[in-house]
Amino acid sequence: MNIIIAGCGKVGQKILELLSQENDINITAIDIKSRVIRDVVNEYDVMGIIGNAATIDTLNEAGIKSCDMLIAVSESDELNLLICLIAKKLGNCETIARIRKPEYAKEIDLLKDDLSLTMIINPEFTAAREIARSLRFPSAIQIDTFSKGRIEILKFKVEAKSALHEMRIANVNNTFGTDVLICGVEREEDAFIPNGDFILKEGDLVSIVASPHKGQEFFKKIGVKTNKVKDTIIIGGGDTGFYLANLLVQSGISVKIIEKNPERCEKLCQLIPKANIINGDGTDNKLLLEEGIEYSDSVVSLMNIDEENILLTLFAKSISNGKLVTKINRIAFDKVIRNLDLGTIIYPKNIAAEYIVNYVRAKRNTIGSNVETMHKILNGKAEALEFIIKENSPVLNLTLEKMNLKKNVIVACANRNGKVIIPRGKDEIMIGDRVIIVTTHSGFNDIEDILE
Amino acid sequence: MNCRAIFYTLGCVLNVEAICMLLPLICTFIYQDNMFLTFLACILICASIGIALIIKKPKSKTIYAKEGLLIVALSWITISIFGALPFVFSGFIPNFIDAFFETVSGFTTTGASILADVEALPKSLIFWRSFTHWIGGMGVLVFLVALLPLSGGSNMYLIRAESPGPSVSKLVPKVRSTAMILYGVYILLSVIEVILLLFGKLSLFEALTLTFGTAGTGGFGILNSSIADYSPYIQTVIGIFMMIFGIDFSVYYLLLLRKFSDAFRSEEVKAYLGIVATSTLLITINIFSIFGSIKESLRHAFFQVASVITTTGYATFDFEIWPSFSKTILVMLMFVGACAGSTGGGIKVSRILIYLKCIVKEIKVSLHPNTIYKIKMNNRTIEHEVIRSTNVFMTAYLMLFAISLLIISLDNFDFTTNFTATLATMNNIGPGLNKVGPTQNFSIYSNLSKVMLSINMLVGRLEIFPMLVLISPHTWKK
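Chains as they are written, first to last, in our numbering: chain L, 1082 to 1533; chain G, 14 to 491.
Next up, the structure:
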C-alpha cells in the first residue's frame, strides 16, 4: 500500500511512526521545510520530499499516480483541502484531510461529499470525544472500544487499599463473582500480558476486557465508584474545550468553563448558552477555590501550555477527589508525565494519528489484512486487535488449550452473535465470531498470525 | 552510545563473511587445491566470533548517526582483518600486514596488490581474492540491510555512511527495499557480464573472477599480465562493463521502471560520459604512433580510460610507456573517479560538477556582490548543507593525501611513485605509475607504508568521514 503524508508536524510524524513499522506500507512524506524532512528521513523508514504538497510537481515526484491514500495533515485547513483536491485530480487515491477550525464544523459533511474526501479528522474534536467518554466512566483511565461498542478494554489503577492488592489473577473472577479478563498489567516501566499466576500489586495499571455492562459490574464489586460525573470544570476554553462543553451539555452534565480571554468568553457564552462561563485566569488558585474546584466531580485542564495543565492537575489532585483529565500536546515526555500519576491524560495529536492509522489498517482489509479494529494499549507496548473469523480459518475446531499460541498472545474476548464471551481453555472459536486478540507483537494481519 | 548494537551488527557482518567464504570452499572441492582446511578454519573462526557477538540481542537496536559511522568504519576494518586470514593460514602471504593490505585492497575495490606472481596462488584463493571485490563493491552493510529485517529508519545512517556520493537518498520508501533493488541491479548486471564473457570462450572460473573485478570496479586480475593476454572481444566486454558499473545505479532502476526521460536527465552521467569520450579521443590521437592503427589505439585508449575513471585498475597495455600527455590525462582521471551511487571510487563526477559550479558562482558573486545565486544540479537547487560538506570533503581529502604522501616518502622512492601510490590507493584504483605501474606491485614498500596505504584505501572507499570519526576523541567522549 502506498501512502503519501503531506505535512510532518506532530500528527504527521506520529502517523509516520505508527505506519512506517508495517512491512507492506510504503510511505512518502512531504513537507516544505527541508530540516523537517531531513529529521523525518533519519528517524523513520520513509522517503522524504521537500516541497509544497499542493503543487503538481511535488505530488508527481511523490508518486501520486501509484498512491493509494493521501493524508493531508499540514498546519492549515485550507491547504489540506487544496492538497486533497489536487491529489484527487492527479491520481485516483483516497484522501484524508485534517480540518480543525470549529467554524467549518457544520460545513464538514458538505465538504466531504463535494470534494470526495474519504475522511476528515479534527484532532480537537476527537480529543473532546475521548474526554467525554472518560468522564462518563470516571474510574477508567483509558477506554478502547471494539465490536461497535460491545466490547471494551478498560484501564484502571489498583489503589492502595484495593481488594485486588496481592491477589492472584486466577482468583479474581472467583473472589468477586465477575466475568472479565485481565489482559494487561503495567508496572513501572514494564508491560505484561499476565497469566493466572501473576500477582497484582498496588499501583499497577490493569487493563480488563469485558462488555460495558460486565465492566461496570466488575468495578462495583471491587469497590470502585462507577457513577458518571455530574458536573465538571473545564479550564481553558479553546477549541477542544468548546467541543467538550458541547458534548457534555448534551448529555446533561453541568459545565463550568474558566477562560482568560474576555472576547472568547463572550463567544463561548453565545455558542453554549447552557454552560457557565467564568472569565478569569485558570492558574489563579483563589479563583479556582472560589469556583468550587474542591467539590467538583471532575476537572479538565485544557490550556495551551502543557506545564500549566500539569501543575493545575497536581493542584486539583491535592484538594479534590474528583476525576482529573489533562491535555498534553507534546508527546516526547510521556514517560515522565506518566510517573506523575495525573489520572487520565489526553494527547490530542496521538488520538488523531491513531484514528487515521486505524482507518488505514481497516482499509487494508480489502487488500489482504483482516484487522477490523486495532488499538494500542498498555502505553503503546501492546496491541489489541479485532478479527472476524471466516471459514477455513486454522483456529477453528480447536479448544484454546490445544491451540499452539505464540508467546505473549491471548485470545481475550469473543462476540458471538452479539453475545460477549470471555473464552476459557475448553472453549472453541467458531465461524463468524468477532475475536479480540491482545499481543505484544506488532503487525498481525490475520487471525492465523496468533499461531506458532 | 549504543555499544551493544554496534557489536551486534559487527557480529552479523562476520557471519555474512563466513557465509561468503563458503564459495571459495566449494572452489577447493572443484579444483582440489588443498585449501579445504584453510578455508574451513577461517569460516569457523568468523562464524564462532560472529555468533558469540549476536547471541545476546541488544536491548535497543536504535542507532544514531554516530553509531552508524562507527559501525561502518569498524565493519570494514573487521572484515579486512578476518578476510586476510586465508592468505596467512595458507602460507601464500605469510606476513599479516601484506595479507591485510591485499584484503583491504580487495574489499575497498582498489586492486592494488603486493603479489608479484598471482598465477602461483591456488584457484580457491584467487577466487576469494576476487570475490572480496564483489562484496566490497556494493557494500557489506547494504547487503546486511537488504538481508536482515533490522528495525527502524536508522538503518539509513548505515547506508549513507557506506555508499559513496555527496548526498545519498533512497530509491523507494523502505530502506530494505532500496538495498534489495541495489543488490538486484548489481547481481543482474554481473550475471549478464558473466554470460557475455562465457561467449568469449573463457572458463566459468575466469568469467566469474573477472566479473567480480569489473562489477566491484576492483581490478584484481588472475593473470600476471592483468587483461592484456585476453582476446579483443573480452577486453571490449570488460571495458564496456567497467563503464556500466561506474554509472549511478539509480539510473538502471529508472530504466527498469521505464522512466527513460528521468534516467537520461542525470547531469552527472552526461558529464561522466563526456569526460570518457573526450579523454579517449585525446589519448587515441596521442598514442596513435605506438599502435599504428586507429582501431588498436582506440581500443587500448578506451579500455584504459574506462579502467582508470571507474577506478577499476585493469590494464590491457603497460601505459607506463605511453607519452606523458596520455599519462597525465590518466592521472587526472584518477582524481575524478566514477559517478556517485556506483561501485566506483574517486572524488566522484558529481562532486567535481559541484566544485565547478561553485567556482562559477564565486565569479558571479565577485562581479555582482549582491547577487543571489543558487547552485543547481538536475534542475534542482543543491542545499547549502550539501555544498558545505562537499567542500569540506575536498579539504579533508587533500590534507589526508598530504599526510599519507609524507609518511610513505620515508621509504625514499621517487616522487611519481609515491604520489601515484597514494593517489591509486586513496581513489581505490590500483596501479599507479613508475615503480607501482600496471606491471609492478606494492611489495616494495615497508610495513609502515603498507599500513598507511591500507588506511588510504579504507578512507577512500568510505569517503573519509567514517574513518575520521573513528579516531576522533569527540566520538569516544560520553
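Ideal placement from N, C-alpha and C gives every residue a C-beta, glycine not left out.
Just so it is clear, the structure is predicted and the values come from calculations on it, not from any experiment.
- Taking 8 Å as the CB threshold, V1122/L lines the interface with chain G.
- With its beta carbon at least 8 Å from every one in chain L, V155/G lies outside the interface.
- By the C-beta criterion, the stretch 399-407 of chain G is judged to be in contact with the stretch 169-188 of chain G, since at least 3 inter-stretch pairs fall below 8 Å.
- Going by DSSP, R1179/L is part of no alpha helix (DSSP H) but of the beta strand (DSSP E) stretching over 1175-1179.
- Distance check between F1299/L and each of G1363/L, E1372/L, F1218/L places F1218/L closest, using alpha-carbon atoms only.
- Taking the C-beta atoms as reference points, I1096/L is found nearer than 8 Å to I1152/L.
- Contacts with chain L at 8 Å (Cβ-Cβ) do not include P177/G.
- When the alpha-carbon of L66/G is set against those of L27/G, N460/G, A434/G, L221/G, the nearest one is in L27/G.
- Annotated as distal: A1463/L and D1225/L, with beta-carbon spacing of 8 Å or more.
- Between the alpha carbons of A159/G and L1216/L lies a distance of about 49 Å.
- Taking 7 Å as the cut-off between beta carbons, the residues of the stretch 1091-1116 of chain L near chain G are S1101, N1107, I1108, T1109, S1115, in sequence order.
- Of all residues in the stretch 1198-1216 of chain L, none is placed with a Cβ closer than 7 Å to any Cβ belonging to chain G.
- Identification of chain L residues near E219/G by a Cβ-Cβ cut-off of 7 Å yields none; the smallest Cβ-Cβ distance measures about 41 Å.
- V101/G sits in a helix when the DSSP states are folded into three classes.
- Secondary-structure assignment with DSSP links M1128/L through a beta bridge to T1109/L.
- A Cβ-Cβ separation of about 10 Å leaves M256/G out of contact with T230/G under the 8 Å criterion.
- Below 8 Å, enough C-beta pairs join the stretch 143-156 of chain G and the stretch 212-229 of chain G to call them touching: three or more.
- Residues of the stretch 1122-1136 of chain L with a Cβ closer than 7 Å to any Cβ of chain G, in chain order: V1122, N1123, E1124, Y1125, D1126, V1127, M1128.
- Judged by their CB atoms, N1451/L and D1514/L are not nearer to each other than the 8 Å cut-off.
- Burial state of T323/G is buried, judged by a 10 Å Cβ sphere holding 16 or more other Cβ atoms.
- DSSP places A1463/L within a strand segment (E or B) once states are collapsed to three.
- Within the DSSP bridge table, the entry for F301/G names no partner.
- E1340/L has N1360/L as its beta-bridge partners, per DSSP.
- If you keep only unbroken alpha helix (DSSP H) runs of at least 4 residues inside the stretch 112-140 of chain G, you get nothing at all.
- Counting only Cβ-Cβ distances below 7 Å, V188/G has contacts in chain L at D1126, in chain order.
- The C-beta distance from F455/G to L466/G rounds to 7 Å, short enough to meet the 8 Å contact threshold.
- Taking 8 Å as the threshold, the shortest C-beta distance from K183/G to chain L falls below it.
- One thing to note: K1295/L has its Cβ no nearer than 8 Å to the Cβ of F1257/L.
- When DSSP states are grouped into helix, strand and coil, Q453/G belongs to the coil group.
- Taking a C-beta cut-off of 9 Å against chain L, the contacting residues of the stretch 392-412 of chain G are E396, E398, listed in chain order.
- Within a 10 Å sphere around the beta-carbon of M412/G sit fewer than 16 other beta-carbons, which makes this residue exposed.
- Residue state for C40/G is assigned as helix, using DSSP reduced to three classes.
- Here N1161/L is buried: its Cβ has 16 or more other Cβ atoms, across all protein chains shown, within 10 Å.
- Boundaries for L483/G: no beta strand (DSSP E) harbours it, while the alpha helix (DSSP H) harbouring it runs 478-484, taken from the DSSP string.
- The C-alpha of T75/G lies about 15 Å from the C-alpha of S1101/L.
- No Cβ-Cβ contact shorter than 8 Å links P1475/L with A1208/L.
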